[in-house]
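> The structure is given below, and queries will be raised subsequently.
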Amino acid sequence: MPELAPYGRAAARLRVERGAPGVADSSIGGPLLWPADEPWPHCREPAVDGHGDLPAMVPLAQIHARDVPGPWWPDGMDVLQLLWCPFEHWDPPAGQADLCPVVELRWRRAAAHAGAPLAGPPEPSECWEPEYLPEPCVFTAEYLVDFPYREELPPELRPALRQLILGLDPEGKDGITRVSGWKLGGWPTWHLNHPHTPVCEPCGRPTTLLFTIASDDVPGIQVGRWGELRLFTCPADHTHPFTADLH
Ligand SMILES: [Zn+2]
Ligand SMILES: [Zn+2]
Numbered sequence: 001m002p003e004l005a006p007y008g009r010a011a012a013r014l015r016v017e018r019g020a021p022g023v024a025d026s027s028i029g030g031p032l033l034w035p036a037d038e039p040w041p042h043c044r045e046p047a048v049d050g051h052g053d054l055p056a057m058v059p060l061a062q063i064h065a066r067d068v069p070g071p072w073w074p075d076g077m078d079v080l081q082l083l084w085c086p087f088e089h090w091d092p093p094a095g096q097a098d099l100c101p102v103v104e105l106r107w108r109r110a111a112a113h114a115g116a117p118l119a120g121p122p123e124p125s126e127c128w129e130p131e132y133l134p135e136p137c138v139f140t141a142e143y144l145v146d147f148p149y150r151e152e153l154p155p156e157l158r159p160a161l162r163q164l165i166l167g168l169d170p171e172g173k174d175g176i177t178r179v180s181g182w183k184l185g186g187w188p189t190w191h192l193n194h195p196h197t198p199v200c201e202p203c204g205r206p207t208t209l210l211f212t213i214a215s216d217d218v219p220g221i222q223v224g225r226w227g228e229l230r231l232f233t234c235p236a237d238h239t240h241p242f243t244a245d246l247h
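201 is the number that the working numbering gives to position 201 of the sequence shown; each next residue is one higher, with no gaps.
Below you can see the structure in the form of structure tokens.
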């Protein structure tokens, strides 16, 4: 279906399995390469069930460019780190999703921290919500070209797309558009509401999907109603704040 080609976006789906990742590895729920002179992030937001003062955030993902090369890497950056506060939050600050963990994102240059002593994360001091505490996992990347949800495509393309999907899977399981799971790049789904691409606050550009955090038994994560938490970022400047969206 050549008419779809202009809408294709590179994506890497992460096939996650339990493991024992080290600080230098790519991981879900593993230890992070953290500069000794950089304070560990703590959450300052009010949580639904209340949490004590400034709980330490927990590692969610660390991704090295060498393991998942692709167009999502800003110039010069080769490590992406995600942390979150493993509680649900009321009325979160701009850019964070409602009733979700508060997410922290860091881009790094691994070489800048080579040989430097690494600070370990603080010990958890509270009763965390288990569905937000990932088990340590490693992953392998599976590359694909992802296509947008049908409502983001011109109406005249939709009937042929439907035929294509049915032709590949008689039950109509869509393996063409907004492929689900842990994912870098690609397109988000909008099957629960109308598509709404977040706009980058500082520059007004439409953001693009950087990363999808999926509900998944393997790391033991559940967001929303077995949903996905998506992080949208500015295509022009990686220092502009991300927008999180729960679906
Ligand atoms: Zn919090
Ligand atoms: Zn921007």
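Just so it is clear, CB atoms sit at the ideal spot from N, CA and C, and this is done for glycine as well.
Since the structure is predicted, the reported quantities are computational estimates derived from the model, not experimental observations.
What are the boundary residues of the beta strand (DSSP E) that residue 178 is part of?
Element bounds for residue 178: n/a, residue is neither H nor E.
> Please report the distance separating the alpha-carbon of residue 150 from that of residue 8.
Taking the straight line from one Cα to the other gives about 13 angstroms.
> I need the straight-line Cα distance from residue 179 to residue 48, nearest angstrom please.
So the alpha carbons of these two residues sit roughly 31 angstroms apart.
> Output the boundary residues of the alpha helix (DSSP H) element that contains residue 161.
Where residue 161 is concerned, the enclosing alpha helix (DSSP H) stretches over 158–168.
> So what's residue 131 in DSSP terms, helix, strand or just coil?
It is helical.
> Would DSSP call residue 2 helix, strand or coil?
Of the three classes helix, strand and coil, the one that applies to residue 2 here is helix, per DSSP.
> Where does residue 47 sit, in a helix, a strand or coil, going by DSSP?
In the structure shown, residue 47 sits in a strand (DSSP, three-state: E or B).
> Strictly by DSSP, which residues pair up with residue 183?
13 and 212.
> Quick one: any contact between the stretch 72–90 and the stretch 32–45, if contact means 3 or more CB pairs under 8 angstroms?
The stretch 72–90, when compared against the stretch 32–45, does touch it at the 8 angstroms Cβ threshold.
> Cβ of residue 55 within 7 angstroms of any heavy atom in ligand 1?
Yes, since a heavy atom of ligand 1 falls inside the 7 angstroms radius drawn around the Cβ of residue 55.
> Residue 65 to residue 24, Cα distance in whole Å?
Each residue's alpha carbon lies about 12 angstroms from the other.
> Just to confirm before moving on: does the CB-CB distance between residue 238 and residue 107 stay below 8 angstroms?
Yes. Within cutoff.
> Could you tell me which of 60, 37 and 6 sits nearest to residue 229, measuring between CA atoms?
Out of 60, 37 and 6, 60 has the C-alpha closest to the C-alpha of residue 229.
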